[in-house]
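Structure first, then comments.
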Amino acid sequence: MKDLSPHALAIRPSPTLALNAQLKARAEAGERVLNLCVGEPDFPMPALAARMAIQAIEDGESRYTDVAGTLALRERIRRKLREENDLDYRTDQIIASTGAKQALYNAFFVLCGEGDEVVVPAPYWVTYPEQVRAVGATPVIATAGRDSEYKLTPALLERHVTPRTKAVVLNNPGNPTGTTYTRGELEAIAEVVLRHDLYVVEDLIYEHFHYGEGKVESIAALGTPLRDRTIVINGVSKSCGMTGWRVGYSAAPARISALMKRLQSQSTSNVTAVAQRAAIGAMDDVPWTALAAYRERSESAYQQLTAIEGVDCPPPTGAFYLFPDISRFLGDGGPATSDEFCTQLLEHTGVGIVPGTAFGSPGNVRISYAAAPGVVAEGLELLQKFVVSL
């Protein structure tokens, strides 16, 4: 038979989704599992979102909408961007998509051609390099160290730019690192971006999980030259506890958003009409109290984790992850890799965490504190006992 697409064959399966499926299977088989891999919050969707979804069904909203989303949804997104991010876009520059993941794919597809390169800072969310490969471009991994709290620096970006570099990815706050770029850090990166005429794909999906001063900044808000080369990605999945509803969005320069809309018109078309109405309700009823509680969760989890001798971890300032360096516990008769570390931890304690190899950082592991606080506390206690036993 003839060969299949090399672009498709180049894509690797998501290790985080595979691990979650494994943990779910264990739980369904009757095993006690403490899942600290989860990438979604544990609070319910906003009540107004549910009511508006039900109303949409009762109103018979079962038809196609505009490919980019209803005008009502895009106007609500526009207001959110203006009020919360100091970004001013027209509604024709905004596209609602089937989750932020589709918005990212649309962005890479429109920006990149064969032979182009995209700088992907590591540690990275597993999807970034795979989507870059899927569109025929090459992800260039720029590995950040503990000294910068695993964040991209101007010098690191500069070292990885070549004549083929088309764009750089920024995830703020970061998954898996839990760290956040300051305005000053973004300004320094922006200088390199402008000097090399790069695009920026900026993922702000965790922006409402922020534990520092002020707000999470967007590089696009640093001025018109940056806004004109940045695609801002966001959605309601994380901040509103609606991961299963699959509503994300992008805001981009007009010539880019027009092509992204054209692509989406030939792939998925519009987001489900009912989900669009629910997203409007969610944005009008953001669960700020539940989000604020994650600050205390982050502090408790961080204190418990760093009390384990030999564990080094940057303080979490965003998202809901801890990303400790566990390299001290590897080798010398113990687990040789972070993959083996996580496998043995699961086998001996029932605690599931994600090896750093999934994120391009083999000496680390990712721990989510989005599960119930009691589950997180027990999981970290068992992690400590496991480490002591090595």
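In the numbering used here, the protein residues as written are 584 to 973. All residues carry an ideal CB built from backbone N, CA and C; glycine is no exception.
Measure the alpha-carbon distance for Q886 versus S848 and round it to whole angstroms.
48 Å
First and last residue of the beta strand (DSSP E) that includes T813?
T813 to G818
Spatial neighbours of N947 within its chain, please: CB distance less than 6 Å, with the 5 preceding and 5 following residues excluded, ordered by chain position.
F906, D908 and G939
List, from N- to C-terminal side, the beta strand (DSSP E) runs of 3 residues or more that fit wholly inside the stretch 637-715.
677-680 and 700-705
Using a 10 Å radius around the Cβ and a threshold of 16 neighbouring Cβ atoms, would you call W708 buried or exposed?
buried
Report the residue ranges of all beta strand (DSSP E) runs contained in full by the stretch 731-779; include only those spanning at least 3 residues, in chain order.
748-754
Going by the CB atoms, is the gap between L753 and I802 shorter than 8 Å?
yes
Strand pairing of R949, partner residues [DSSP]:
V937
Please list, in chain order, all residues of the same chain as T900 whose beta carbon is under 6 Å from its beta carbon, the five residues on each side excluded.
T762, T763, Y794 and G795
Residue from F792, S833 and D915 whose Cα sits closest to the Cα of Y877:
F792
Between the CA atoms of V723 and P589 - distance to the nearest angstrom:
19 Å
Do you know offhand how far S840's Cα is from D675's?
8 Å
Is it buried or exposed, L888, if we count other Cβ atoms within 10 angstroms and call 16 or more buried?
buried
Can at least three beta-carbon pairs, one atom from the stretch 846-862 and one from the stretch 636-656, be found at a separation below 8 Å?
yes
Contact between the stretch 696-703 and the stretch 869-876 (3+ Cβ pairs under 8 Å)
no
Please go through the same chain and pick out, in chain order, the residues whose beta-carbon is closer than 7 Å to the beta-carbon of A919, but skip the five residues on each side of it.
L913
What is the DSSP secondary structure of L888, reduced to helix, strand or coil?
helix
For N618, which beta-bridge partners are listed by DSSP?
G935
Residues of its chain near L846, where Cβ-Cβ distance is below 7 Å and the 5 sequence neighbours each way are ignored:
N689, F692 and V693
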